[in-house]
Amino acid sequence: MRRTLTAAVATLLTATLAAGCGSPSGGSGSDDPETLVVYSNSVSDGRGDWLKKEAGKAGHSLQVVDLGGGDVQNRLLAEKANPVADVTFGLNNVYFEKLKEAEVLGAYTPAWADQVDAALGDATGKRFWPIVREPVMLVHDKAAYPEKGQAPADWPDLWTKEEFRKKYEVPTELGGATTQMVLSGILSRHRDDQGDLGVGQAGWDAVESYFEHGVPSVTNTDLYARMADGKVTAGQMWLSGKATREEQYKIRTEAVRPETGVPMVVQQIGLVNGTKKAGAAKKFIDWFGGAEVQAAWSREFHTAPANKGALAKADAGAVEETDSFTEQDIDWTFVAARLDRWTEKIELEYLPN
Amino acid sequence: MSRSLRAMLRSPLVVVTGVALLWFVFTFMIYPNAVMLKEVFAPQGAFSTRAFEKLTASERAMDSLRNSFVLAAVLTVTVNVLGVFIVLVTRYFTVRGARLLRLGYATTLVYGGVVAVSGYTFVYGENGFVTRLLLQVFPGLDPAWFSGMLAVVVVMTLTGTGYHMLFLSSALARIDHQTIEAAQQLGASPWRVLRTIVLPVLKPTLFAVTVLTFLGGLAAFAAPQVLGGREFQTITPMILTFSGNPGSRDLAATLALVLGLATLLLLAVLNRLQAGGTYFSVSKVPTALKKQRIGHPVANGAVHLAAYALFLVYLIPPLLIVVFSFTDAATIASGDLGAGGFTLDNYRRVLTDAAAYRPFVVSVGYAAVTAAVVIAMMLFVARVLQKFVNAVTITVEYLLHIPWVLPSTLTALGLIITYSVPRLPVGETVLTGTVGLLAVAYITAKIPFTLRMLKAAYASIPASLEEAATLLGAGTLHTYRRVLLPLVLPAAAAVSALNFTGLLDDYDTAVFLAHPLHQPLGIAIQNATRGEGASDATALTFVYTVLLMAISTLAMWFVYGRNSGTGERRSRLRTRGRTRTGPPVAVLPDTVTAGTAPTARTTQTAPTG
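Set out below in structure tokens:
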């Protein structure tokens, strides 16, 4: 019994010691008056490390917190009374509209404000500013539709035309930003202030048909894996995701270009209300959204910068591809005010099961 | 005031810990949840029935809810049947290679969740090995045959037997072999011995693992999501979606409360059943359990066949996960190992990435601290709750189950909403942005499970042992330290190991409460699978899983493996003294025998010690 005790104590001690040794940043980090805490959903695949390194050269000390879009939003809302983050970037207009509504964002006009189209950001205030544009698209497997005119030309084709039924993938959970943009795009076409949650019955019928005739996505299995496998021929995707997946799964896909346009997601940056490091945070925003850094970011990560001053030195291919899409006219303030209720309604009434 | 209550209040130790416990329960279990529920159901002060109306009107929600209950009920039967079988095969009957079998069955202790489900889809899914084999025999078979309720039940039954492996084995080892011998001499058949002597002793543990199985079924997430298909979805995915949507949290909380109330009801029923029986057959000088030979040759053959078939079923999925962790996403998706080459790139990427090792360290730290604190708290609390049964202890016991009533996501929200401003119960400090808040959440989350298992362990100790010690003049504390503690330590070690491994990949709580500078592994895994970029995310998850399995195995080895040597020696010594043909010695959960071995000795030496 003594041996058991000794072993148990030894295990716990070792583990605790290991944990203790593994906290090298104790004493530094957020306690450091100059280190900024940045929440973002757009720092995976080495983007965060690159950002930290480049920012360090420019004299900004950063602690980057990598979370999913919804998680960033929930943390910021929950920490409203005592914010941990100083700056947040990467979320799209809809999330930022909601954060603004909840008074989580502080007012600030960056030094580069005149270089971006203010309409891409906060239309009625100075709480968040555009940095990167990205289209949300319907893509299809080229091999499945080799002839011109065979492929779907717009989202409604999927459920109105017999030949696409049970061929396209639909999401099974609605928390993802891309999914929410696709649904916003469909529902925005049927805006009707008399209708349920600001959408006419035709819009809800469209959503119902969309899910009814689609093939539900499979957890942990990528859309492109299923296209390569021949299980589906079309589904939703964002621009930079398309290129990487084509290479990964060795298939060629094409994006649909509807006349109404596609939802253009614009990543934003904002100052967190109540930060104790407002000065350093503002300096960081000025630096990160500036032409120089945005051009470098674009070249590094295949994005289209919102800063017009960055375009000359940006990744020309990414900019050209982004510009080749018509932007769907979506009232983001309208969407932001209703999106939660929309996803709740779809979750309760229209998802397959 | 009842006698039990008076007796309880006479002990200053009980009173002091009681006050501390009540503070903890109020501060971290009741108050934050009350704040959260008020925020959710009555944000403007007036209570709303919106959630009930929305949910009852939703066919999908009602179907999913019903499926969750059906699944939980079915699993309590299937998991118990399978769990009892594998414990008997490895511990009770003479089966060749029992040690090897035990290793195979124990794989469920070190892997689970969505990765376990992927493991099974590699075998039975549309591109799975077995499916391909079946298609050659039956070309007309639907490749997606392994889906729906059947597939969910099969996978969850197989992955749900870990608790049996640990706790039922432990309980079985405590049976006094003399009772069995006596029954045999009286002419009882092996089946009768099993039914009337062995199984009744296992009852408290069976009750405890039944609660856990039921809970696991209610909270099922990965298996229904991946294998359920259109007709068998459960409610947890919906709860998680709704708790992530600030406007729909009332729906999440309502659904969670329904599940929680069902759990409480089951607990009440089982508590009543447990209170009414006597469940031990440990004599004052117990003889170690001897393995039983299955006399009937056909039955013996059938048991061997079933045991080895199960062994393969258990072992192949985790093996495939290890294999696939060396391939790329395309190979994993197609399930075709011939197509792609093997590579070390995934491992190189995880291990050389500067940020990759830190989440591991943070997770191990949190898991170790949590496991230590929880067991320290509950060893004492479980004893008091088991010893003194009165209105106060019954209430406290139910309060300690609050984390089972509300899902971790909502509890985390409650903590962060409540303690992001200065609050009196924590001395007017702010807890958000501290490393402690996540630890608090983890500790509360692990309390119900730990309490349940320890109570079951205490319950299976005969009161006569304690009485003997008291009669011989040992004080309460002394008796506890020298008599009771050694007997529950194996269970405590098992619980700690499970608590430890269970927290390593937590995501739901960490995503809200983790300190921004100390992000645990669950968040890193989730970020890897979020798939918003170029990375070969599926393969990376597998690498993380393989490394997790390695850490979990190490933890299990620390608790069990280290002692298997001494356990082996001890049990050999013990058996040599009594009979030449002692039981083959456990490889994995052998602390069980090692821990029970000194029982008699401890009791005898208590007065002089």
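Residue numbers (my numbering), protein chains in the order written: chain A, 1 to 353; chain B, 1001 to 1609. Using N, Cα and C, we set each Cβ at its ideal position, and we do this for glycine too.
{"Check": "DSSP bridge partner residues for Leu138(A) (one or two, in chain order)", "Outcome": "Gln236(A)"}
{"Check": "Proximal chain A residues relative to Gln1519(B), where beta-carbon distance stays under 8 Å", "Outcome": "Val65, Asp66"}
{"Check": "Between the CA atoms of Ala1494(B) and Ala1116(B) - distance to the nearest angstrom", "Outcome": "21 Å"}
{"Check": "Residue-level contact to chain B via CB, Glu344(A), 8 Å cutoff", "Outcome": "yes"}
{"Check": "Beta strand (DSSP E) segment containing Asp192(A), residue limits", "Outcome": "191-196"}
{"Check": "In DSSP terms, what Glu254(A) is bridged to", "Outcome": "His140(A)"}
{"Check": "Which listed residue (Arg1091(B), Gly1436(B), Leu1498(B), Leu1424(B)) has its alpha carbon closest to that of Arg1293(B)", "Outcome": "Arg1091(B)"}
{"Check": "Three CB pairs or more closer than 8 Å across the segment 1432-1452 of chain B and the segment 1056-1073 of chain B", "Outcome": "no"}
{"Check": "Inter-stretch contact at 8 Å, needing at least 3 Cβ pairs: the segment 321-340 of chain A / the segment 177-185 of chain A", "Outcome": "yes"}
{"Check": "Where Ser42(A) falls: helix, strand or coil (DSSP)", "Outcome": "coil"}
{"Check": "Residues within the segment 223-244 of chain A neighbouring chain B, beta-carbon criterion of under 9 Å", "Outcome": "Tyr224, Ala225, Arg226, Ala228, Asp229, Lys231, Trp238, Ser240, Gly241, Ala243, Thr244"}
{"Check": "Stretch pair the segment 1160-1168 of chain B + the segment 1197-1216 of chain B: three plus CB contacts closer than 8 Å", "Outcome": "yes"}
{"Check": "Amino acids of chain A, ordered along the chain, whose beta-carbon sits closer than 9 Å to that of Phe1512(B)", "Outcome": "Asp71, Asn74, Arg75, Ala78"}
{"Check": "C-alpha distance - Trp342(A) paired with Leu197(A), whole-angstrom precision", "Outcome": "7 Å"}
{"Check": "Three or more C-beta pairs below 8 Å linking the segment 72-84 of chain A and the segment 319-327 of chain A", "Outcome": "no"}
{"Check": "Within 8 Å, strictly: CB atoms of Ala1252(B) and Ile1239(B)", "Outcome": "yes"}
{"Check": "Members of the segment 115-129 of chain A near chain B, C-beta cut-off 7 Å", "Outcome": "none"}
{"Check": "Burial state of Gly270(A), where buried means 16 or more other Cβ atoms lie within 10 Å", "Outcome": "buried"}
{"Check": "Beta-carbon gap between Arg1249(B) and Val1040(B) smaller than 8 Å", "Outcome": "yes"}
{"Check": "Limits of the alpha helix (DSSP H) - the one that Phe1028(B) falls within", "Outcome": "Looking at the DSSP string, Phe1028(B) is not in any alpha helix (DSSP H), and its letter there is neither H nor E."}
{"Check": "Tyr1458(B) beta carbon less than 8 Å from that of Ala1382(B)", "Outcome": "yes"}
{"Check": "Any chain A beta carbon closer than 8 Å to Pro1516(B)", "Outcome": "yes"}
{"Check": "Distance between Ser1363(B) and Ile1523(B) (C-alpha atoms, nearest Å)", "Outcome": "10 Å"}
{"Check": "Span separating the alpha-carbon of Lys231(A) from that of Gly1229(B)", "Outcome": "15 Å"}
{"Check": "Pairwise C-alpha distance: Phe1449(B) and Val1014(B)", "Outcome": "22 Å"}
{"Check": "Given 8 Å, three or more beta-carbon pairs between the segment 1119-1128 of chain B and the segment 1044-1058 of chain B", "Outcome": "no"}
{"Check": "Touching by the beta-carbon criterion (3+ pairs, under 8 Å), the segment 44-58 of chain A and the segment 71-79 of chain A", "Outcome": "no"}
{"Check": "Candidates Leu174(A), Gly56(A), Asn41(A), Ala107(A): closest to Ser1243(B) by CA position", "Outcome": "Leu174(A)"}
{"Check": "Delimiting residues of the beta strand (DSSP E) encompassing Val272(A)", "Outcome": "264-272"}
{"Check": "Whether Thr1094(B) touches Gln1178(B) by CB criterion (8 Å)", "Outcome": "no"}
{"Check": "Buried or exposed (CB count within 10 angstroms, at least 16 for buried), Glu1053(B)", "Outcome": "exposed"}
{"Check": "Asn1346(B) beta carbon less than 8 Å from that of Phe1232(B)", "Outcome": "no"}
{"Check": "Minimum Cβ-Cβ distance from Leu36(A) to chain B less than 8 Å", "Outcome": "no"}
{"Check": "Proximal residues, the segment 151-179 of chain A versus chain B, C-beta separation under 8 Å", "Outcome": "Thr172, Glu173, Leu174, Gly175"}
{"Check": "Residue range of the alpha helix (DSSP H) that includes Ser61(A)", "Outcome": "Note, Ser61(A): premise wrong, no alpha helix (DSSP H); beta strand (DSSP E) at 61-66."}
{"Check": "8 Å CB neighbourhood of Tyr1419(B) in its chain, flanking five on each side removed", "Outcome": "Pro1032, Val1426, Val1430, Leu1431, Thr1432, Leu1437"}
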